[in-house]
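Some notes on the structure that comes next.
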Amino acid sequence: MLNGKTVLITGGTGSFGKAFSKRVLENYDPKKVIIFSRDEFKQWQMKMTFAKHLDKMRFFIGDVRDKERLYRAFDGVDYVVHAAAMKQVPACEYNPFEAVKTNVLGAYNVIDAAIDSNVKKVVALSTDKAVNPVNLYGGTKLVSDKLFISANAYAGAKKTVFSIVRYGNVAGSRGSIIPYFRSLVEKGSTSLPITDHSMTRFWITLEEGVDLVLKALSESYGGETYISKIPSFKVTDLAQAICPGCEMPEVGIREGEKLHEVMITKEDSLTTYEYEKHYVIYPRMDWCDPGKYNLDGAKKVPYRFEYCSGTNTQWLNVSRLQSLLTKIPFENGHSAD
Numbered sequence: 539m540l541n542g543k544t545v546l547i548t549g550g551t552g553s554f555g556k557a558f559s560k561r562v563l564e565n566y567d568p569k570k571v572i573i574f575s576r577d578e579f580k581q582w583q584m585k586m587t588f589a590k591h592l593d594k595m596r597f598f599i600g601d602v603r604d605k606e607r608l609y610r611a612f613d614g615v616d617y618v619v620h621a622a623a624m625k626q627v628p629a630c631e632y633n634p635f636e637a638v639k640t641n642v643l644g645a646y647n648v649i650d651a652a653i654d655s656n657v658k659k660v661v662a663l664s665t666d667k668a669v670n671p672v673n674l675y676g677g678t679k680l681v682s683d684k685l686f687i688s689a690n691a692y693a694g695a696k697k698t699v700f701s702i703v704r705y706g707n708v709a710g711s712r713g714s715i716i717p718y719f720r721s722l723v724e725k726g727s728t729s730l731p732i733t734d735h736s737m738t739r740f741w742i743t744l745e746e747g748v749d750l751v752l753k754a755l756s757e758s759y760g761g762e763t764y765i766s767k768i769p770s771f772k773v774t775d776l777a778q779a780i781c782p783g784c785e786m787p788e789v790g791i792r793e794g795e796k797l798h799e800v801m802i803t804k805e806d807s808l809t810t811y812e813y814e815k816h817y818v819i820y821p822r823m824d825w826c827d828p829g830k831y832n833l834d835g836a837k838k839v840p841y842r843f844e845y846c847s848g849t850n851t852q853w854l855n856v857s858r859l860q861s862l863l864t865k866i867p868f869e870n871g872h873s874a875d
């Protein structure tokens with residue numbers, strides 16, 4: 539699929555961009571992998587990490603807010619993975635206009651540039667926070683998701699296909715709860731603060747996220763939202779896995795935070811199909827021809843089905859979390875959730 543093709547990743551110096559680039563360069567023979575981001579230092583760091591692949595890599599300094607720069611970067615590109623976003627919940631709450639510029643207007647710019655540059659496929663990364671959003675980050679990503687789905691009609695006679703991959707916080711990623719808890723333990727703390735003892739979250743690794751994006755690039759026809767089948771965990775169990783026997787004072791839910799995360803709403807169940815390792819929400823739009831989708835191996839989910847971290851059928855207990863945590867590298871940071 540990607541052999542001989544040019545792939546561009548917006549926000550490509552982030553955790554996902556590095557993992558995706560590594561997979562593509564080691565398992566395919568692309569013509570080029572283009573890293574589009576606005577941080578020159580992170581690009582330099584990535585060049586050092588990917589030194590043996592630099593003959594196939596290009597680095598563009600640019601911002602998704604800058605449509606003109608996107609047009610230049612998208613010239614000759616076959617596939618785009620849109621990972622650029624403002625993701626930190628507190629930062630988005632404090633800088634709402636900046637979040638809108640990046641997450642909403644940036645998405646609009648990517649869509650225009652992809653269509654006008656005849657990009658074959660675009661996969662946009664979404665988040666569980668875009669579902670029934672209670673914070674600005676989730677609200678901007680909901681709008682972004684709607685834009686990318688409708689872009690399949692907006693493209694008109696052009697052949698660009700747009701789809702979405704949705705998942706929650708990646709285990710161990712910068713700004714998530716795992717590095718936050720670990721940093722406290724490293725400083726000698728035997729007490730880990732819990733916002734609410736009944737809180738749950740989904741668990742997904744970077745590799746699983748990359749798998750799903752590659753599936754979307756390979757199989758999408760336009761307008762689909764792909765969601766992995768992944769386990770849930772209790773935040774209290776995570777705390778015990780990181781620091782066995784620790785105290786867990788309940789500090790209260792912060793603004794913009796949920797008790798449980800939802801990936802698929804009951805309303806979405808009307809057009810959601812289950813596959814062996816993932817779900818797909820198909821669009822319900824006048825422009826959408828349901829007959830174009832390949833539903834081989836698919837099973838319609840029950841009416842009013844909801845995919846929620848609190849009612850999931852797969853769970854990680856303390857011992858399983860401890861085993862998985864040995865594979866998660868340490869990164870300092872604070873919880874974005």
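For what it's worth, the working numbering labels the leading residue of the sequence shown as 539, then goes sequentially. The beta carbon of each residue, even a glycine, is placed where N, CA and C say it ideally should be. Quick caveat: nothing in here was measured; it's all calculated off a predicted structure.
Contact check for residue 546 and residue 594: beta-carbon distance about 13 Å, past the 8 Å limit, so the pair fails to qualify. Scanning its chain for C-beta atoms nearer than 7 Å, with the 5 sequence neighbours on each side dropped, one finds around residue 751 the residues 558, 619, 661 and 703, in chain order. The beta carbons of residue 708 and residue 847 sit no closer together than 8 Å.
The alpha helix (DSSP H) runs lying completely inside the stretch 629-702 and spanning 4 residues or more are 634-638, 644-654 and 674-692, given in chain order. With a cut-off of 8 Å on Cβ pairs, the stretch 770-783 is in contact with the stretch 848-865, counting three or more such pairs. If the five residues before and after residue 808 are omitted, its C-beta is found closer than 8 Å to the C-beta atoms of 822 and 841, all from its own chain and listed in chain order. Contact between the stretch 754-764 and the stretch 738-746 is not established, with fewer than three Cβ pairs separated by less than 8 Å. Look at the beta carbons and you see the stretch 675-691 not touching the stretch 718-726: under three pairs across the two are nearer than 8 Å. Taking residue 723 as reference, the option from 733, 748 and 785 with the minimal CA-CA separation is 785. Residue state for residue 570 is assigned as strand, using DSSP reduced to three classes. Residue 619 is bridged by DSSP to 547 and 661. Around the beta carbon of residue 789, fewer than 16 other beta carbons lie within 10 angstroms, which makes this residue exposed. Here residue 843 carries a coil assignment [DSSP, helix/strand/coil]. Rounded to whole angstroms, the Cβ separation of residue 607 and residue 601 is 7 Å, and the two are in contact under 8 Å. Between the alpha carbons of residue 604 and residue 648 lies a gap of roughly 10 Å.
In the DSSP secondary-structure assignment, residue 582 is not bridged to any residue. Between residue 627 and residue 657 the beta-carbon gap is near 30 Å, outside 8 Å, which marks them as no contact. Between the C-alpha atoms of residue 670 and residue 589 there is a straight-line separation of about 42 Å.
The C-beta distance from residue 644 to residue 701 rounds to 18 Å, too long to meet the 8 Å contact threshold.
Looking at the DSSP output, residue 757 sits in no beta bridge, so it has no partner there. Rounded to the nearest whole angstrom, the C-alpha separation of residue 542 and residue 783 is 53 Å. Residue 598 is a Cβ neighbour of residue 573, given a cutoff of 8 Å. For residue 810, the enclosing beta strand (DSSP E) begins and ends at 810-812.
For the pair residue 732 and residue 699, the CB atoms are not nearer than the 8 Å cut-off. Residue 756 and residue 659 have their C-alpha atoms some 9 Å from each other.
Taking all protein chains in view, the Cβ of residue 791 is surrounded by fewer than 16 other Cβ atoms within 10 Å, so the residue is classified as exposed.
A direct Cα-to-Cα measurement between residue 664 and residue 621 gives close to 8 Å. Per DSSP, residue 774 is one residue of the alpha helix (DSSP H) stretching across 773-780. As summarised for the stretch 585-618, the continuous beta strand (DSSP E) elements at least 3 residues long and confined to that stretch are 595-599, given in chain order.
Excluding residues up to 5 positions away in sequence, 842 and 844 lie with their Cβ nearer than 6 Å to the Cβ of residue 804 in the same chain.
Secondary structure note for residue 723: its alpha helix (DSSP H) is the uninterrupted segment 715-724. Residue nearest to residue 672 within the set 715, 631 and 655 is 631 (criterion: CA-CA distance). In this structure, residue 854 lies near residue 771, with their beta-carbon atoms less than 8 Å apart.
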